[in-house]
Amino acid sequence: MSLADHLVELRKRLMIGAAALVIGMIVAAFLTDPIIQFLLGPIEQVAKQLDDPFTRLTYANATGAFDMRLRIAFAIGLLISAPVWLWQIWAYIMPGLTRKEVRYTIGFMASAIPLFFAGCYVAVLVLPHILLVMSSFVPQSEVASQIYDAEKYYDLVFKTLLAMGVAFVTPVFLVALNLAGILSASDILRGWRVAIVIATAFAAIATPSADIVSMLVLAGILVVLYFAAYGVAYLFDWRKARREKALESEIS
308 MSLADHLVEL RKRLMIGAAA LVIGMIVAAF LTDPIIQFLL GPIEQVAKQL
358 DDPFTRLTYA NATGAFDMRL RIAFAIGLLI SAPVWLWQIW AYIMPGLTRK
408 EVRYTIGFMA SAIPLFFAGC YVAVLVLPHI LLVMSSFVPQ SEVASQIYDA
458 EKYYDLVFKT LLAMGVAFVT PVFLVALNLA GILSASDILR GWRVAIVIAT
508 AFAAIATPSA DIVSMLVLAG ILVVLYFAAY GVAYLFDWRK ARREKALESE
558 IS
């Protein structure tokens with residue numbers, strides 16, 4: 308294909324992906340009410356713990372409620388339309404990939420997507436603990452109250468989900484770097500002490516609760532995923548070394 312043909316193909320793929328996103332946002336618009344009720348759950352827990360009827364979600368301006376629904380609709384619409392726009396990206400780049408690269412890409416996506424959603428699920432579980440611990444710093448006074456700005460609260464939820472999802476996908480990136488020849492299995496294993504420290508620190512930040520069990524469980528999951536990445540990388544390195552040894556034998 309010429310450059311002009313590539314640009315026409317790219318425009319076609321982008322138009323289809325954008326149309327799918329718009330349709331997904333329209334569908335998601337009908338789901339914003341239950342999602343907002345779900346987001347209010349942790350705030351209700353904080354209100355009960357503080358025994359403060361004034362602990363609530365607030366909107367800073369007249370368009371705040373509309374903006375929050377629009378942002379939620381965009382995020383959910385992006386998720387709903389993911390099969391369509393991911394396929395458009397894949398269909399655009401696939402002709403330029405070798406059969407081996409296609410196989411690796413499929414394996415990467417098949418492992419990264421479930422791990423990302425597993426991380427998001429864990430984030431949903433730990434989010435109430437984050438709010439409860441942060442609320443413990445509110446002075447016990449009749450003139451002090453915990454009030455959540457809707458925009459900042461949504462950013463907190465979104466960033467927590469994103470950070471936890473990316474943390475769970477990190478081992479897949481390690482395997483991808485191994486396949487690219489940037490990291491060897493021994494390099495991954497060599498950094499196990501640093502990985503445990505980082506996993507524990509991340510779990511302590513993500514789960515600031517008085518119950519240390521939740522922190523240890525999350526840190527344990529991250530460490531297990533790290534060593535699982537090492538195991539997969541070790542298998543790939545072993546197969547690569549075996550092929551190279553067989554090739555040297557044939558040459559000699």
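Numbering (my numbering), first residue to last: 308 to 559. Built from N, CA and C at the ideal position, the CB exists for glycine as well.
Exercise. Give the DSSP-derived three-state secondary structure of residue 365 in the structure shown.
Key: Strand at residue 365.
Quiz item: Taking only runs of the beta strand (DSSP E) that begin and end inside the stretch 331-401, which ones reach a length of at least 3 residues, in chain order?
Solution: Here the runs fully enclosed are 363-365.
Quiz item: For residue 482, which residues from the same chain have a beta carbon less than 7 angstroms from its beta carbon, with the 5 sequence-adjacent residues on both sides left out?
Solution: If we look at residue 482 and ignore the five residues flanking it on each side, its Cβ neighbours are 536, 539, 540.
Self-check item: residue 454 (DSSP reduced to helix, strand or coil)
Solution: Note: residue 454 maps to strand in three-state DSSP.
Quiz item: Under a Cβ-count criterion, where at least 16 other Cβ atoms within 10 Å of its own Cβ denotes burial, should residue 392 be classed as buried or exposed?
Solution: Result: buried.
Quiz item: So, is residue 348 buried or exposed, given that buried needs 16 or more other C-beta atoms within 10 angstroms?
Solution: Residue environment analysis places residue 348 among the exposed positions, since fewer than 16 neighbouring C-beta atoms fall within 10 angstroms of its C-beta.
Quiz item: Which same chain residues, not among the five before or five after residue 381, have their C-beta less than 7 angstroms away from its C-beta?
Solution: 332, listed in sequence order.
Self-check item: Close-in-space but distant-in-sequence residues of the same chain around residue 423 (CB under 8 angstroms, 5 per side omitted)
Solution: The residues are 472, 473, 475, 476.
Practice problem: Please name the residue in 532, 421, 554, 313 whose C-alpha comes closest to that of residue 499. | Solution: Shortest Cα-Cα distance from residue 499 to any of 532, 421, 554, 313 involves 532.
Quiz item: Ordered along the chain, which non-local residues of its own chain (more than five positions away) have a Cβ less than 6 angstroms from that of residue 379?
Solution: Excluding residues up to 5 positions away in sequence, 339, 342 lie with their Cβ nearer than 6 angstroms to the Cβ of residue 379 in the same chain.
Practice problem: Leaving aside the five residues before and after residue 395 along the sequence, list all residues of the same chain whose C-beta is less than 6 angstroms from its C-beta, in chain order. | Solution: Hits under 6 angstroms: 320, 323, 324.
Self-check item: Whole-angstrom C-beta distance between residue 353 and residue 362, which should lie under 8 angstroms
Solution: For residue 362 against residue 353, the beta-carbon gap comes to about 6 angstroms, under 8 angstroms, which counts as contact.
Quiz item: Relative to the C-alpha of residue 431, which residue among 511, 526, 464 is closest?
Solution: Ranking 511, 526, 464 by Cα distance to residue 431 puts 464 first.
Quiz item: Which runs of the alpha helix (DSSP H) spanning at least 4 residues fall entirely within the stretch 465-541, listed in chain order?
Solution: Complete alpha helix (DSSP H) runs here, min 4: 492-497, 499-513.
Quiz item: Taking the C-alpha atoms as reference points, what is the distance between residue 315 and residue 386?
Solution: Their Cα atoms are separated by approximately 26 angstroms.
Quiz item: Going by other Cβ atoms of all chains shown within 10 Å of its Cβ, with 16 needed for buried, is residue 350 buried or exposed?
Solution: In summary, residue 350 is buried, with 16 or more beta-carbon neighbours lying within 10 Å of its beta-carbon over all protein chains present.
Quiz item: Alpha carbon to alpha carbon, how far is residue 355 from residue 405?
Solution: Between residue 355 and residue 405, the C-alpha separation is close to 58 angstroms.
Practice problem: Below 8 angstroms on the Cβ atoms is my guess for residue 525 versus residue 513; work out the distance and round it to an integer in Å. | Solution: Residue 525 to residue 513, Cβ: 6 angstroms. Contact.
Practice problem: Check the C-beta distance from residue 440 over to residue 357 and give it rounded, since I have them as a contact under 8 angstroms. | Solution: In fact, because the Cβ distance is near 12 angstroms, the residues do not count as touching under 8 angstroms.
Practice problem: Alpha carbon to alpha carbon, how far is residue 442 from residue 460? Give it in angstroms, no decimals. | Solution: The straight-line gap from Cα to Cα measures roughly 13 angstroms.
Exercise. May I have the straight-line CA-CA distance separating residue 409 from residue 400, to the nearest angstrom?
Key: Roughly 10 angstroms between the two C-alpha positions.
Self-check item: Distance between residue 418 and residue 479 (C-alpha atoms, nearest Å)
Solution: The alpha-carbon of residue 479 is positioned some 7 angstroms away from that of residue 418.
Quiz item: Quick one, which of 388, 491, 544, 425 has its alpha-carbon nearest residue 529's?
Solution: Here the closest residue by C-alpha is 425.
Quiz item: Does the Cβ of residue 416 have 16 or more other Cβ atoms within 10 Å, making it buried, or fewer, making it exposed?
Solution: Residue 416 should be labelled exposed.
Exercise. Whole angstroms is fine: what's the gap from residue 435's alpha carbon to residue 449's?
Key: Residue 435 and residue 449 have their alpha carbons spaced roughly 24 angstroms apart.
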